[in-house]
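Residue numbering for the sequence shown is 3 to 330, as defined by my numbering.
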Amino acid sequence: MRNSTFTFRKYLPQTAGIAALMIFPLVNSSDYIQHLVTVAMLYGVLASSWDLSMGYGGIFNFGHMALFALGGYAAGVATVQFGLSPWLGIPLGALAAVVGAILVSLPVLRVKGIYVCLVTFAFGQLCLHLILGQSKYTGGSNGLVMIPNITIGNYSFASNDKLAYYYLVLALLIVSTYILRRIVTSHFGLSIVALRDFEDLAISRGVGVARQRLLTMAGSAVFTGATGAIYAYYLSSVSPELFGFSYLATVLSMILIGGTSTIYGPIVGAFFLTFISEFLVSLGPWRFVIIALLMIVTIWRSPNGLLSGLKMIAAKLVPPSRTGQGAG
Numbered sequence: 003m004r005n006s007t008f009t010f011r012k013y014l015p016q017t018a019g020i021a022a023l024m025i026f027p028l029v030n031s032s033d034y035i036q037h038l039v040t041v042a043m044l045y046g047v048l049a050s051s052w053d054l055s056m057g058y059g060g061i062f063n064f065g066h067m068a069l070f071a072l073g074g075y076a077a078g079v080a081t082v083q084f085g086l087s088p089w090l091g092i093p094l095g096a097l098a099a100v101v102g103a104i105l106v107s108l109p110v111l112r113v114k115g116i117y118v119c120l121v122t123f124a125f126g127q128l129c130l131h132l133i134l135g136q137s138k139y140t141g142g143s144n145g146l147v148m149i150p151n152i153t154i155g156n157y158s159f160a161s162n163d164k165l166a167y168y169y170l171v172l173a174l175l176i177v178s179t180y181i182l183r184r185i186v187t188s189h190f191g192l193s194i195v196a197l198r199d200f201e202d203l204a205i206s207r208g209v210g211v212a213r214q215r216l217l218t219m220a221g222s223a224v225f226t227g228a229t230g231a232i233y234a235y236y237l238s239s240v241s242p243e244l245f246g247f248s249y250l251a252t253v254l255s256m257i258l259i260g261g262t263s264t265i266y267g268p269i270v271g272a273f274f275l276t277f278i279s280e281f282l283v284s285l286g287p288w289r290f291v292i293i294a295l296l297m298i299v300t301i302w303r304s305p306n307g308l309l310s311g312l313k314m315i316a317a318k319l320v321p322p323s324r325t326g327q328g329a330g
C-alpha cells in the first residue's frame with residue numbers, strides 16, 4: 003500500500019501536466035494561446051533533448067540549434083523539392099540531425115573545455131553557409147517557404163486552427179520525455195554522468211569516453227531533428243535565422259531557468275520563457291533586459307532552476323506520506 007501511494011505521489015505532477023495539456027484545447031477559446039502552447043511544447047522537446055548532452059553529458063554543444071535547423075531543412079527540402087510525404091520528412095529530419103551530431107562529435111572527442119564550445123559553434127556556422135550556398139534547394143537567405151502541411155488522407159493538419167499539430171507535438175513531448183528519462187536513469191545514463199563528474203575514475207572502470215559521448219550527442223539529436231521537421235511543417239517555412247545566436251540563447255536560457263540535468267526542468271523553462279517573452283513583447287527591446295534579470299534572479303534564488311523551486315514549494319504545501327503506520 004505504501005509503495006502504491008509513493009508511486010502515485012511520484013508521478014502525480016507528470017500525470018496532471020499531461021491531462022491539463024490534453025484537455026486544454028477543449029476549454030481554450032483563443033487560437034493564439036493554443037499556438038503559444040504548441041510552440042512551448044516544441045521548445046520543451048528541443049530543450050530537454052539538449053539537456054541530455056549538455057546537462058547529463060557535460061558536453062557544451064553550441065551547435066545544437068544547427069541540428070534543429072538541419073532537421074527542419076531536411077524535411078522541407080524532402081517535401082518541397084522531392085515531393086516526399088511529410089510523414090517521411092519527419093524521420094528524415096531526425097536522421098539528418100543524427101548524422102550532423104555524429105560528424106561534429108568526431109572533433110569534439112579530441113578537445114575539452116572552451117574548445118568544445120568553439121568547435122560546435124563553428125559547426126553551426128559551417129552548416130549555415132552550406133544551407134546558404136545551396137539556394138537552389140534551400141531558398142538561400144530567404145529560407146524555404148510554402149512547405150506543404152502534414153495530411154492524413156484528405157485531412158490537413160492546418161485545418162481546425164492547427165489542432166492536429168497541437169496533439170502531434172504533445173505526443174512528441176510525451177514520448178521524448180519518457181524515452182529521455184529512461185535513458186538518463188539507465189546504466190548508460192549513469193555512465194555519462196560519471197564521465198562528466200569523474201572522468202578518470204569512469205575510464206578506469208571501463209567506460210569508453212568516445213563511444214559514450216558519441217552516443218550521447220546522437221541520442222540528443224534524434225528528437226531535436228524530429229522537432230525541427232515538425233516546426234517546419236507547422237510554420238510552413240524554415241529560415242537561416244534558426245542558426246542564429248538569438249535562438250541558441252533562448253533555448254539555453256530555458257534550460258538554465260528550468261534546471262539542468264533534470265529533463266523536466268527545461269520543459270518548465272520552455273513554458274515559462276515562451277509566455278513571459280510574449281507577455282513582455284510590448285516593451286520592445288527592454289523585454290530582453292527583463293528576461294535577463296529574471297534569469298539572474300531565478301538562478302540566484304533557485305540555483306537548480308525553477309523545477310527545484312517548485313519541488314520545494316510542493317514539499318511545503320503537501321505533507322509527506324505517513325510511513326510509520328502498519329497495514330492494519
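Glycine is no exception: its CB is placed at the ideal position from the N, C-alpha and C atoms.
Because the structure is a prediction, the values reported are computed rather than measured.
C-beta atoms of residue i and residue j nearer than 9 Å
i: Leu312; j: Val270; result: yes
i: Ala340; j: Val100; result: Nothing can be reported for residue 340: it is not among the residues displayed for the chain, which extend from 3 to 330.
i: Thr122; j: His189; result: no
i: Gly260; j: Leu308; result: yes
i: Tyr236; j: Leu44; result: yes
i: Pro268; j: Ala18; result: no
i: Leu38; j: Glu280; result: yes
i: Tyr168; j: Gln36; result: yes
i: Gly60; j: Leu197; result: yes
i: Tyr58; j: Thr179; result: no
i: Leu54; j: Gly286; result: no
Span of the alpha helix (DSSP H) around residue i
i: Glu201; result: 201 to 206
i: Arg289; result: 288 to 303
i: Lys164; result: 161 to 186
i: Leu134; result: 116 to 135
i: Glu280; result: 266 to 281
i: Tyr75; result: 66 to 82
i: Val400; result: One cannot answer for residue 400 here, as it falls past the ends of the chain, which runs 3 to 330.
Inter-residue Cα distance where the pair is residue i and residue j
i: Arg215; j: Cys129; result: 21 Å
i: Val161; j: Ala234; result: Inspection of the sequence shows that residue 161 is occupied by Ser rather than by Val. Approximately 16 Å between the Cα atoms of the pair.
i: Thr140; j: Val29; result: 39 Å
i: Val299; j: Phe290; result: 14 Å
i: Gly155; j: Gln83; result: 21 Å
i: Arg303; j: Ser255; result: 16 Å
i: Ala96; j: Met219; result: 13 Å
i: Gly326; j: Lys12; result: With a pLDDT of 45 at Gly326, under the threshold of 50, the modelled position of this residue cannot be trusted, and the question is left open.
i: Val177; j: Gly115; result: 32 Å
i: Leu108; j: Met24; result: 41 Å
i: Thr153; j: Ala22; result: 26 Å
i: Ser263; j: Phe225; result: 17 Å
i: Lys164; j: Thr40; result: 10 Å
Cut-off 7 Å between Cβ atoms - residues of its own chain near residue i, not counting five sequence neighbours on either side
i: Ile205; result: Val211
i: Leu244; result: Met67, Phe70, Ala71, Gly74
Three-state secondary structure (DSSP) of residue i
i: Leu309; result: helix
i: Ser149; result: In the sequence as displayed, the identity of residue 149 is Ile instead of Ser. Ile149: coil per DSSP, three-state reduction.
i: Val41; result: helix
i: Ile104; result: helix
i: Gly326; result: With a pLDDT of 45 at Gly326, under the threshold of 50, the modelled position of that residue is not reliable, and no figure is offered here.
i: Val209; result: coil
i: Tyr315; result: This sequence places Ile at residue 315; Tyr is not what is there. Of the three classes helix, strand and coil, the one that applies to Ile315 here is helix, per DSSP.
Nonlocal neighbours in the same chain, by C-beta distance under 6 Å from residue i, ignoring five residues either side
i: Gly78; result: Leu146, Ile149, Ala234, Val240
i: Pro88; result: Thr81, Ile152, Tyr235
Same chain only: Cβ atoms within 8 Å of residue i, ignoring 5 sequence neighbours per side
i: Ala42; result: Ala272, Phe273, Thr276, Phe277
i: Leu170; result: Ile152, Phe159, Ile232
Proximity test, residue i beta-carbon vs the ligand NAP heavy atom, cut-off 8 Å
i: Ser188; result: The ligand content of the structure shown is nil, which means the ligand NAP is not present either.
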